[in-house]
Structure formats: structure tokens, C-alpha cells
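Numbering (the numbering used here), first residue to last: 631 to 920.
By construction, the Cβ of each residue, glycine as well, lies at the ideal position given by its N, Cα and C atoms.
These figures come from a predicted structure and were not determined experimentally.
One structure is given here, and the rest of the page talks about it.
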Amino acid sequence: MENKSTKKDRQQLLITLLSKEMEHLRKICFKYQRRPLLDYPITIQEEKCPKDNQYAGLYKYENDTHKIYIDTDEIKKYTDYNKQISYYSKKQAFNNLKSIILHELTHAYVKDRFELISKLKGCERDASPIFLACLKHFGGHSGYNFMSGYYHSDLYYETCDIDNYKELEKYLICLIKEYNKVSEELGKSKSIGNNNYTLCNFEYSYRNAGLLPKLYSKDTIVGVKDNEFKILNTSANLYEVGVAISPYALKILAEKKADNYSNFKWKGINKHYCLSNKNIKTINIEDNIN
Ligand SMILES: [Zn+2]
631 MENKSTKKDR
641 QQLLITLLSK
651 EMEHLRKICF
661 KYQRRPLLDY
671 PITIQEEKCP
681 KDNQYAGLYK
691 YENDTHKIYI
701 DTDEIKKYTD
711 YNKQISYYSK
721 KQAFNNLKSI
731 ILHELTHAYV
741 KDRFELISKL
751 KGCERDASPI
761 FLACLKHFGG
771 HSGYNFMSGY
781 YHSDLYYETC
791 DIDNYKELEK
801 YLICLIKEYN
811 KVSEELGKSK
821 SIGNNNYTLC
831 NFEYSYRNAG
841 LLPKLYSKDT
851 IVGVKDNEFK
861 ILNTSANLYE
871 VGVAISPYAL
881 KILAEKKADN
891 YSNFKWKGIN
901 KHYCLSNKNI
911 KTINIEDNIN
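Now the structure itself:
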């Protein structure tokens, strides 16, 4: 006999599972405290994921609300379970759905809990060390191929024996402060030689275990002042920091990679000629950003 669920059934199931997972995490994180797991509200709903962007679950933060979307087909694997065509048991389908919700809820938890102290954007992203340390502690899973980088990282070796959440949190707060410090040191606008300024920005990574030189933008401004040619070079770089990059490694690698713009994924290099105050001619040397 075939079971066909309605959208209402599935929504009810999602709400029930989410509140169970929230209570499960609340007991891990705030066992003896009378407080909710999250400071901000959270919603969950099904969504048919687009063909060109396949996902089982998706997390977004919009209008001060954590939003979880679960692919309709993933829910139906359990609610509309069909023994004849499934290569897994109904129990496995159920556990899989729970695991997807736990993964997405961990994104919400990490953002809610750690974003305020992190100077790097995206501590809740999939390849962020903060996210992965929490996910592992909560017994969650990540299917991305950067996970091999995680299992070889300092973070993994330093956190795999921590079985108490408060201890893990202390470790993560120190780690975030270390990343903050290193990125601030590296990020300061540096004057290299005469009239050359470089600014570095860092964010946690979406999909890479390593250090991804993401965006490089350089502007050279050429003008005449007091009958003399003046040249000013400014560049701004953006890096994504993945789970395998400790704060110490970040310092060494970012300094090595900063000058070699060919490393960067997105580049915008422009020259601006100031012919007069109102007449500026811009030449695009290289640009794959826009
Ligand atoms: Zn994720």
C-alpha cells in the first residue's frame, strides 16, 4: 500500500522534529540553565530544491530570523516510504531526515551564539572551523568533500577528545579571538613603499578546507599634481578561511599569497587616469567580478 502525505502532514512532521532537535541541543549546550537554545526565532518549511542547486537542506538568515528549508523529496523518502523502490529502510529514512535538520539547526545555533564575537564573517558556514567543531560535538554529519581536510586539521585533533560542551565552547571562543587577532593584524591597511596600499579581508569558508584567495581588486590612479606625475596603488583582497587553516597557518599563508594576484578567483584591475578634476578615464585591465 502506498502512503501519500499532504503538505500539511509534512509541515507538522518538520515542526515536531525541529523542536525535538532543539531540545536535544539545548540539553547539550545549556543543561542546567533555564534558557532557550536560540536568541532569535527559527522557522522550518519544505521547499522543492532547484535542479541546478541540489540540496537536502538549506539554512538562511533573513529579517532577524533563522530559516531552514528541507527538500520536499527528502521528507517524502520517509513520509511516502515505498518498500518496493527504496534501497534503505523506513528507519534509515527517518534518521536521515533528523540528521539533515540537526545539520541545518547547527548553522542557526553557531550564528546565534558566536557571530557577535567573530570579526570574520560567516562563522556558521559549512567549512568554518567553528561550525564543524559544533556539528561534530552534536553528532551531526556533513557530506562535503572538504571533510577530509577537517579530519587532518589541528582543530580535529584538539577537539576530538572534548566531551563536555562548556569546555568546547571555551576552546572555540579562544579560537575565534585568535582568528580575530590574526585577521586584524593582516587586514590593516599597509603602506608598501610609496603610495601603495593593501587591505586584506577575511571570512570563513563555504566549501574549502584551505585558504581560498577569493577576490582581488586593484586600482591604480594616475594623475598630475604640481607638474609631476603621481601614482597611487590601492588593492583590497578577500580570503576565505577553511577548517584546515589554523590562525597560525592563516598568518603564514596569507602573507605568502597576498602579492600573487594570479592566485585569486575573482579579479578586478583598473587604471584611472585623472586628466583633470572632472575628466577621469578608466581602463579595465582585467575584470571577471562584474
Ligand atoms: Zn550546511
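Other residues of its chain near residue i: CB distance less than 8 Å, five sequence neighbours each side excluded
i: I645; result: I674
i: Y885; result: A small correction: the amino acid at residue 885 is Glu; Tyr does not occupy that position in the sequence shown. These residues qualify, in order along the chain: L816.
i: I731; result: L644, L647, L648, E651, I674, G687, I698 and I700
i: K637; result: E676
i: T709; result: N633, S635, D639, R640 and L643
i: T789; result: A763, K766, H767, L798 and Y801
i: K887; result: L841, P843, Y869 and N893
i: H733; result: G687, L765, G770, H771 and S772
i: E624; result: In this structure the chain extends from 631 to 920, so residue 624 is not present and cannot be described.
i: W896; result: K844, L845, Y846, N918 and I919
i: D682; result: none
i: F859; result: V852 and G853
i: C922; result: The question about residue 922 has no answer, for the chain in this structure spans 631 to 920.
i: K811; result: P877
Chain-order list of residues whose beta-carbon lies under 6 Å from that of residue i (same chain, five-residue window excluded)
i: S783; result: V873 and A874
i: C830; result: L816, G817 and N867
i: P759; result: L785 and V873
i: Y903; result: V852 and K911
i: T702; result: E676 and K678
i: K751; result: E833
i: S876; result: D784
i: G898; result: S847, D917 and I919
Near ligand 1: residue i beta-carbon under 7 Å from a heavy atom
i: H737; result: yes
i: H733; result: yes
i: D784; result: no
i: D856; result: no
i: Y922; result: An answer regarding residue 922 cannot be provided, because it is not within the stretch 631 to 920 covered by the chain.
i: D742; result: no
i: D701; result: no
i: D849; result: no
i: S669; result: At residue 669 the sequence reads Asp, which differs from the Ser that was named. No.
i: D639; result: no
i: C694; result: Before going on, a small fix: residue 694 reads as Asp here, not Cys. Flag unset: Cβ of D694 not near ligand 1.
i: D756; result: yes
Distance between beta carbons of residue j and residue i, contact taken as under 8 Å
i: P843; j: F768; result: Their Cβ separation, rounded to whole angstroms, is 31 Å, which puts P843 and F768 out of contact at 8 Å.
i: R743; j: Y834; result: Not confirmed; about 14 Å, so no contact.
i: Q642; j: E676; result: Incorrect: roughly 11 Å between the Cβ atoms, too far for contact.
i: L647; j: K707; result: Going by Cβ atoms, the distance from L647 to K707 rounds to 14 Å, so no, they are not a contact pair.
i: S865; j: T828; result: 5 Å
i: L880; j: L841; result: 7 Å
i: H737; j: Y689; result: 4 Å
i: N825; j: L862; result: 5 Å
i: I658; j: Y795; result: 5 Å
Own chain residues within Cβ distance below 7 Å of residue i, not counting five before or after
i: N838; result: A757, F776, E870 and G872
i: L655; result: L667, L735, Y739 and F768
i: I792; result: L798 and Y801
i: D849; result: T864, N900 and H902
i: E704; result: A686, L727 and I730
i: Y670; result: D694, T695, H696 and D742
i: F724; result: Y708
i: N914; result: N900
i: I747; result: I803 and I806
i: L905; result: K911
For the stretch 707-718 against the stretch 784-804, are there 3 or more C-beta pairs whose distance is under 8 Å?
no
Is the stretch 804-811 close to the stretch 681-694, with three or more CB pairs under 8 Å?
no
Unbroken stretches of the alpha helix (DSSP H), 4 residues or longer, contained in the stretch 813-887:
877-887
At which residue ranges does the stretch 672-750 contain complete beta strand (DSSP E) runs of 3 or more residues, listed in the order of the chain?
672-677, 687-692 and 695-701
Can you check the stretch 748-819 for any alpha helix (DSSP H) of at least 4 residues that lies completely inside it and give the ranges in chain order?
759-767, 777-781, 784-789 and 795-817
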